[in-house]
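Chemist: Let me give you the structure first, and then I'll get to my questions.
2 protein chains.
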Amino acid sequence: MSDGQTTKVSAGPVKTRTIQIPLPPGGFNLDCGQSLPELQIAYETYGTLSPKKDNAVFLCHALSGSAHVAGYHEPLDDTAPWWDNMVGPGKGIDTRFYYVVCANIIGGCRGTTGPSSVNPATKTPYGSLFPHISIGDMVSGHRLLLKELGIERLAAVIGGSMGGMQALEWIIRYPDMIDNCICIASAAGLSAQSLAFDIISRKAITSDPHWNGGDFYSTGNFPGSGLALARQIGHVTYLSQEMMETKFGREKTEAGSRFQVESYLEYQGGKFIKRFDANSYFHITSAIDQYHLSEKSGSLEKAFEPVRAKVLVVALSSDWLFPPSQSIDLANALLRAGKHVTYCELDAPHGHDSFLIDVGPLGEVIRAFLPWVRSLPAHEEESAKRKAANMELATTRTCPFCERRKDYAIITDMIRPGSRVLDLGCGNGELLRLLAAKRNISGIGVDIDVKHVIAVIDGGQDIFQGDIDHGLQAIPDNTFDCAILSETLQVVKKPQLVLREMLRVAKEGIVSFPNFGNWSHRLRLLCSGRMPKGGALPFEWYDTPNIHLFTLDDFIQLCREDHIRMLNTVCIPESNTSRALLGLGLRNLGADRILVRIMREPDKLAQKGNDDGKQGRQDTA
Amino acid sequence: MSDGQTTKVSAGPVKTRTIQIPLPPGGFNLDCGQSLPELQIAYETYGTLSPKKDNAVFLCHALSGSAHVAGYHEPLDDTAPWWDNMVGPGKGIDTRFYYVVCANIIGGCRGTTGPSSVNPATKTPYGSLFPHISIGDMVSGHRLLLKELGIERLAAVIGGSMGGMQALEWIIRYPDMIDNCICIASAAGLSAQSLAFDIISRKAITSDPHWNGGDFYSTGNFPGSGLALARQIGHVTYLSQEMMETKFGREKTEAGSRFQVESYLEYQGGKFIKRFDANSYFHITSAIDQYHLSEKSGSLEKAFEPVRAKVLVVALSSDWLFPPSQSIDLANALLRAGKHVTYCELDAPHGHDSFLIDVGPLGEVIRAFLPWVRSLPAHEEESAKRKAANMELATTRTCPFCERRKDYAIITDMIRPGSRVLDLGCGNGELLRLLAAKRNISGIGVDIDVKHVIAVIDGGQDIFQGDIDHGLQAIPDNTFDCAILSETLQVVKKPQLVLREMLRVAKEGIVSFPNFGNWSHRLRLLCSGRMPKGGALPFEWYDTPNIHLFTLDDFIQLCREDHIRMLNTVCIPESNTSRALLGLGLRNLGADRILVRIMREPDKLAQKGNDDGKQGRQDTA
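If you're matching them up, the sequences are chains A and B in order. So the first sequence is numbered by our numbering: it starts at 1482 and just counts up by one. So the second sequence is numbered by our numbering: it starts at 1482 and just counts up by one.
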């Protein structure tokens, strides 16, 4: 990562401010139909709003977070910043360039109106009278805050976990004011398992004899034992099994009688009840549980219809509270809805909390995705440098696949301007950028390597991080005009399936591959009795990624059997001998690399046979 | 599966009996140093003890189980049998042949002495005075029961989850009385995550205001709310995420206000507190948490030293409470300790409770593993039939790998009698049986297919179910005299690594593979320009499992580079032309298949060079 290039420093001293939101006579209307007569919001800001107001980034916090994202309070208090390693000068969300705003949510207990706030009607804390709140209510409240701050446009809205739910709600409720959205370790709705843990946690709170239906503020007692239990259950779900094993295993405390994990849980429970309100925990988890993006509109795809922002969906590999499959659902629905979406699954061993604990490449991914603040020349300069460095890095590491470049000019000519393209195994995104620049072709890449993902994002293209061998199922038929598989068919596990899939999701396909039928390979096997190595096949037999070798004629035969029509075949020679053989019309002998454009055989043409296939047969040497 | 051949019927009416165990004056000594003055044990039996008493099988129940395994009580009561689909005439544990015994554990609340039993010293329930119990105490108690029942020998001890811990404890404490052990979905000790859930569950119980330190029996109140919470947490951990999603998703109840998963959890909690004691839950989960097989002896391997039983370790793929990695640890430690062990990982989508809910092939695996009761001729006859059927099934499905058989005679001759052999990709175990029968060679197989696993178990051999590409790491150096890789090197992802691994775990290796340098393949590629197909390579290029093709000379070169010495090379022709070429000494042209015996190059010989390699080079055509 080019991460090391900039020195990261603390966001420094920061103040939590509170603001009384001016409300109409009816108060602040909630999704449940009730309203709040008053609304106070606590918020913090970092960095400076640019004169053009084009650099505002709003951060949405998760269940137990607050407005205090980074830096420190003066005098020091016990509020820990929740994303200090992500927000600050030189960090993933760089406060030298962005004006970052974060606010405590409605229903919370860190300065924004919540169940422990005084109810103006009774002059006592709301308690059991606090109305049901929704994720949408949190977002609407924060929208009013931004209005008060004079912010009408967001360069980005960013959130993880429940914060990711808010980020999605932002781009659906206020599509015209947001350019970019980053949704991390989140979902369109909780899984049954995560619902179950929340339900049990709330039951633990309401079973506490001090709960008193939520009206405990005046009793002098607090349902701390129930809230601690709830927090402890939560804590287990925030960490991966692997991380707990590494961190605690079956180790005992020094005293010897208790497991370390027991002492950890007790510490976490005890710490939490000092800073959190049981009613807030009850209401916020209820809001999370009820959040269900596709419920109203019938499908996720429809729910995303209003979205105008570019969206980055990030999943964490070991997250079991918001498993990657749920992030994939989000990304696929955005794709189906025709939106600009990038999906990235980070290798994060620490579970759901990885995005807070161990940022890893997440900072790089976010930094690459966030837009250049063009009104700040220093940012444009730094971004351009970083972009170049990332591209360089991704190129250096792709070794033989760089050879793809020879195909690029030919591929670019094959695709109609204005097409929508899927580039399978897109590497650092060079082809996608070429297509965009030269032919006005909008594309999306698929690649498994996070370095490639960062480079593609940095280049401004969309990408889905994933394995082609099981990556296309969720893409609907005919989503693209053309799918490209450049120097990749021979490395996939199921070439036939991949070909079928690419011609299902796209009207046409372009495939390039090394021709095992080339004279040099035949000669080597014939004369030396060794597996061919060199040229288009640079690896030893035992460590080659090329696990399905085949010749042009093999490919032609497969196309015939699978009712695939070959529209163009371009044979690329890499030596004079190859060139001479091609000159004699001996394609299967002469071609070192092949590039073909294919489509499904239209039903009406199926009986006519495949001309290209016949021609290929004549060439057989 | 041949499962359908026998009609499965209910175990029928059964009675729970209780017995007062005669104790010495000091009472029943517990691992904690305290003792129980009286010990009553509740048990049930199924089937008939054979005159030779060689058919007794003891079942160990899990946390919330009881003596009531199968069948029904008369008159009907609300005790549900916990393994009715596994135990009965025609079922996995066939009560027509086995005499099955199951007993409630010490500390329980279903008829065996536990915290709710009357303490003879106080004439009131033990409550807080009940001593700490261990998994070992449960086993010692049951050993006394068997003595009373006149059973001195067990054909098998079987248990799942906490029952698996007891089963392991049985074969360590009483090695001489047990022939076979089946340990399902269990571990040598809980993971940190599972510990955490138990700790939180007990905290929920002790936080209940009715708990009263455990002395609630006379108060008229019961800590039901805490116990229900504990059970609900448990229930989530018993099911897989996938299963909860399928079963409940985000569905609401008919009334519409609650999630179905909420109503399910409430039902489970409510049902449980009617039949279970909070003190028993507290004590049994504590015993599970404290169980740590390797703690005393320093290593699992040492803990297993006394074991004389054959052990079958079964893991369930989606179990996250006792994840498969923990079962693999058990199996590997048994292997390192030189015990007879078979490991099997069943594809079980329902999580930890799969072994109770959806038995699937588990019944077949258990049935294959359990010994023939030779004193019951009907059993011997049925077992022989089933064995033949399973072998047939496993053979039919292995298609091209059946070709291996041509090698078997040669391989058998290559291995010294009395050797210990590892057969990688062992198929239905035919070679292992041949080696055992003809050369007194004891072996263990590795295969990924459950049908093969059942066939190998049925044939009386040991097998590790797993993927060779990541299966050997846990086997220590030089565990075997010889490792066999018959027609498998070309299908693995990392051939070089697999070769290195096999020569690390075994002193010698025997490898057979199709020779891509054979004249027929060369000719086909040369003349037709198509990938070779036929003979030793029967697949199309796009769906072949043979992902790393290579020639004899390629193999020789790899051996040279990797300091592997080739001890014998046998070339197998499959046509007259091949035979003729071999006659001319042209091995790389003539051999259709190759069989080589290899070993690591001893350091002192490393400089002398590799004779066999040189000879191979001369043959190059």
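C-beta: ideal position from N, C-alpha, C; glycine also.
1. To the nearest angstrom, report how far apart Ser1900/A and Pro1506/A are at their CA atoms.
2. Buried or exposed: which applies to Val1568/A, given that a residue is buried once 16 or more other Cβ atoms fall within 10 Å of its Cβ?
3. Please go through the region 1730-1774 of chain A and give each complete alpha helix (DSSP H) segment of 4 or more residues, from N-terminal end onward.
4. Cutting at 7 angstroms between CB atoms, please list the residues of its own chain near Trp2022/A, excluding the five before and the five after it.
5. Assuming Ala1523/B and Thr1560/B form a contact by the criterion Cβ under 8 angstroms, report the distance between their Cβ atoms to the nearest whole angstrom.
6. For a cutoff of 8 angstroms on Cβ pairs, would you count Arg1712/A as touching chain B?
7. CA-CA distance, Cys1963/A and Asp1939/A?
8. Could you pull the start and end residues of the beta strand (DSSP E) that Lys1783/A belongs to?
9. If we count the other Cβ atoms within 10 Å of its Cβ and call it buried at 16 or more, is Ser1738/B buried or exposed?
10. For Ala1964/A, report the span of its beta strand (DSSP E) as first-last.
11. Is Lys1783/B close to chain A, meaning its C-beta is less than 8 angstroms from at least one C-beta of that chain?
12. Out of Cys1590/B, Tyr1580/B, Pro1518/B, Thr1594/B, point me to the one whose CA is closest to Ala1602/B's CA.
13. Which word fits Asn1859/B, buried or exposed, when buried means at least 16 other C-beta atoms lie within 10 angstroms of its C-beta?
14. Alpha carbon to alpha carbon, what distance is there between Gly1595/A and Phe1611/A?
15. Report the neighbours of His1833/A on chain B: residues whose CB is nearer than 8 angstroms to its CB, in chain order.
16. Measuring alpha carbon to alpha carbon, tell me which of Gly1924/B, Glu2055/B, Ser1672/B, Glu1732/B ends up nearest Gly1730/A.
17. Taking all protein chains shown into account, decide if Asp1888/B is buried (16 or more other Cβ within 10 angstroms of its Cβ) or exposed.
18. Could you tell me whether the Cβ of Asp1950/B comes closer than 8 angstroms to any Cβ of chain A?
19. At a CB distance below 7 angstroms, what residues from the region 1962-1995 of chain B approach chain A? Give them in sequence order.
20. Near Pro1995/B, which residues of its chain fall below 6 angstroms by C-beta distance, leaving aside the five closest residues on each side in sequence?
21. Please report the straight-line C-alpha distance between Ala1585/B and Phe1539/B, rounded to a whole angstrom.
22. Measure the C-alpha to C-alpha separation of Gly1622/B and Gly1707/B and round it to an integer number of angstroms.
23. Just how far apart, CA to CA, sit Pro1503/A and Val1854/A?
24. Kindly list, in the order they appear in chain B, the residues whose Cβ is closer than 7 angstroms to that of Glu1743/A.
25. Strictly below 8 angstroms CB to CB, what residues from chain B border Glu1726/A?
26. By how many angstroms is the C-alpha of Tyr1772/A removed from the C-alpha of Ala1666/B?
27. Quick one: what's Ile1586/B bridged to in DSSP?
28. When Cβ atoms are compared, which residues of the region 2025-2052 of chain A fall closer than 8 angstroms to chain B?
29. Within 10 angstroms of its Cβ, does Pro1668/A collect 16 or more other Cβ (buried), or is it exposed?
30. Span of the beta strand (DSSP E) holding Arg2078/A?
31. Using a C-beta to C-beta distance shorter than 9 angstroms, which residues of chain B count as neighbours of Phe1740/A?
32. Do the CB positions of Gly2154/A and Leu1827/A come within less than 8 angstroms of each other?
33. With a cut-off of 8 angstroms, does the C-beta of Asp2093/B fall near any C-beta of chain A?
34. Would you kindly work out how many angstroms separate the C-alpha atoms of Gly1701/B and Tyr1824/B, rounded to a whole number?
35. Taking just the CA atoms, how far does Gln1971/A sit from Pro2026/B?
36. Buried or exposed: which applies to Gln1647/B, given that a residue is buried once 16 or more other Cβ atoms fall within 10 Å of its Cβ?
Modeler: According to the data block:
1. Within the first sequence, numbered from 1, the residue matching residue 1900/A stands at position 419. Within the first sequence, numbered from 1, the residue matching residue 1506/A stands at position 25. Roughly 52 angstroms between the two C-alpha positions.
2. The count along the first sequence starts at 1 and reaches residue 1568/A at position 87. Its Cβ being crowded by 16 or more others within 10 Å, Val1568/A is buried.
3. DSSP runs (the alpha helix (DSSP H)) wholly in the region 1730-1774 of chain A: 1741-1756, 1759-1771.
4. By one-based count along the first sequence, residue 2022/A stands at place 541. Excluding five sequence positions before and after Trp2022/A, the CB atoms of its chain that fall closer than 7 angstroms to its own CB belong to Met2012, given in chain order.
5. Within the second sequence, numbered from 1, the residue matching residue 1523/B stands at position 42. Within the second sequence, numbered from 1, the residue matching residue 1560/B stands at position 79. Separation of the CB atoms of Ala1523/B and Thr1560/B is rounded to 11 angstroms, and the pair is thereby denied contact status at 8 angstroms.
6. Residue mapping note: residue 1712/A aligns to position 231 of the first sequence, counting from 1. For Arg1712/A, the answer is no, since every Cβ of chain B falls outside 8 angstroms of its Cβ.
7. Here residue 1963/A is taken as the residue at index 482 of the first sequence, counted from 1. Here residue 1939/A is taken as the residue at index 458 of the first sequence, counted from 1. Distance from the CA of Cys1963/A to the CA of Asp1939/A, rounded to the nearest whole angstrom, comes to 23 angstroms.
8. For the purposes of this step, residue 1783/A is identified with residue 302 of the first sequence, where counting begins at 1. Not the beta strand (DSSP E): Lys1783/A falls in the alpha helix (DSSP H), residues 1781-1784.
9. Position 257 of the second sequence, counting from 1, holds the residue named residue 1738/B. With fewer than 16 other Cβ atoms within 10 Å, it is exposed.
10. What you label residue 1964/A is simply residue 483 of the first sequence in a count that begins at 1. For Ala1964/A, the enclosing beta strand (DSSP E) covers residues 1961-1967.
11. By one-based count along the second sequence, residue 1783/B stands at place 302. Taking CB atoms only, Lys1783/B has no neighbour in chain A less than 8 angstroms away.
12. Mapped onto the second sequence, residue 1602/B falls at position 121. Taking only the C-alpha atoms, the option nearest Ala1602/B is Pro1518/B.
13. Start at 1 with the first residue of the second sequence, and residue 1859/B comes out as number 378. Checking the displayed sequence, the identity of residue 1859/B turns out to be Ala instead of Asn. With fewer than 16 Cβ atoms within 10 Å of its Cβ, Ala1859/B is classed as exposed.
14. The count along the first sequence starts at 1 and reaches residue 1611/A at position 130. The count along the first sequence starts at 1 and reaches residue 1595/A at position 114. Using only the alpha carbons, I get a separation of about 7 angstroms.
15. Translated into the one-based positions of the first sequence, residue 1833/A becomes position 352. The contact set of His1833/A on chain B, defined by CB atoms closer than 8 angstroms, is empty, because the minimum CB distance reaches about 13 angstroms.
16. Counted from its first residue, the first sequence places residue 1730/A at position 249. Of the candidates Gly1924/B, Glu2055/B, Ser1672/B, Glu1732/B, the residue whose Cα lies closest to the Cα of Gly1730/A is Ser1672/B.
17. Start at 1 with the first residue of the second sequence, and residue 1888/B comes out as number 407. Burial call: buried.
18. On the second sequence, residue 1950/B is found 469 positions in, with the first residue counted as 1. The beta-carbon of Asp1950/B is placed no less than 8 angstroms from the nearest beta-carbon of chain A.
19. Of all residues in the region 1962-1995 of chain B, the ones placed with a Cβ closer than 7 angstroms to any Cβ belonging to chain A are Pro1976, Gln1977, in chain order.
20. Residue 1995/B sits at position 514 when you count from the first residue of the second sequence. If we look at Pro1995/B and ignore the five residues flanking it on each side, its Cβ neighbours are Ala2017, Leu2018, Arg2074.
21. As a first step, residue 1585/B is located in the second sequence; it is residue number 104 there, counting from the start. As a first step, residue 1539/B is located in the second sequence; it is residue number 58 there, counting from the start. It should be noted that the sequence gives Asn, not Ala, for residue 1585/B. Approximately 12 angstroms, taken between the alpha carbons.
22. For the purposes of this step, residue 1622/B is taken as residue 141 along the second sequence, with counting starting at 1. For the purposes of this step, residue 1707/B is taken as residue 226 along the second sequence, with counting starting at 1. Rounded to the nearest angstrom, the two C-alpha atoms are 29 angstroms apart.
23. As a position in the first sequence, residue 1503/A is number 22, starting the count at 1. As a position in the first sequence, residue 1854/A is number 373, starting the count at 1. C-alpha separation (whole angstroms): 31 angstroms.
24. Along the first sequence, read from residue 1 onward, the residue named residue 1743/A stands at position 262. Here the neighbours are Ile1680.
25. The residue you call residue 1726/A lines up with position 245 of the first sequence. Those within 8 angstroms of Glu1726/A in chain B are Ser1672, Ala1673, Gln1674.
26. Numbered from its first residue, the second sequence carries residue 1666/B at position 185. Numbered from its first residue, the first sequence carries residue 1772/A at position 291. One C-alpha to the other measures close to 35 angstroms.
27. Residue 1586/B sits at position 105 when you count from the first residue of the second sequence. DSSP lists no bridge partner for Ile1586/B.
28. Going along the region 2025-2052 of chain A in chain order, one finds Thr2025, Ile2028, His2029, Leu2030, Phe2031, Thr2032, Leu2033, Asp2034, Asp2035, Gln2038, Leu2039 with a Cβ nearer than 8 angstroms to chain B.
29. On the first sequence, position 187 is the one that residue 1668/A refers to. Residue identity check: residue 1668/A is Ala in the sequence provided, not Pro. Buried, since its Cβ has 16 or more Cβ neighbours within 10 Å.
30. What you label residue 2078/A is simply residue 597 of the first sequence in a count that begins at 1. Its beta strand (DSSP E) spans residues 2074-2081.
31. The sequence position of residue 1740/A within the first sequence is 259, counting from 1. Around Phe1740/A, the beta-carbon contacts reaching into chain B at under 9 angstroms are Ala1673, Leu1676, Ala1677, Ile1680, Asp1770.
32. Lying before the first or after the last residue shown, residue 2154/A is absent from chain A, which here runs from 1482 to 2102.
33. The residue given as residue 2093/B occupies position 612 in the second sequence. Because the pLDDT of Asp2093/B is 41, which lies under 50, any placement of that residue in the model is unreliable, and the number read from its coordinates should be weighed accordingly. Judged by the 8 angstroms Cβ criterion, Asp2093/B is not in contact with chain A.
34. Counting from 1 along the second sequence, the entry for residue 1701/B is found at position 220. Counting from 1 along the second sequence, the entry for residue 1824/B is found at position 343. Distance between the alpha carbons of Gly1701/B and Tyr1824/B: 49 angstroms.
35. Position 545 of the second sequence holds residue 2026/B. Position 490 of the first sequence holds residue 1971/A. Distance between the alpha carbons of Pro2026/B and Gln1971/A: 14 angstroms.
36. In the second sequence, the residue the question calls residue 1647/B occupies position 166. Per the 10 Å Cβ criterion, buried.
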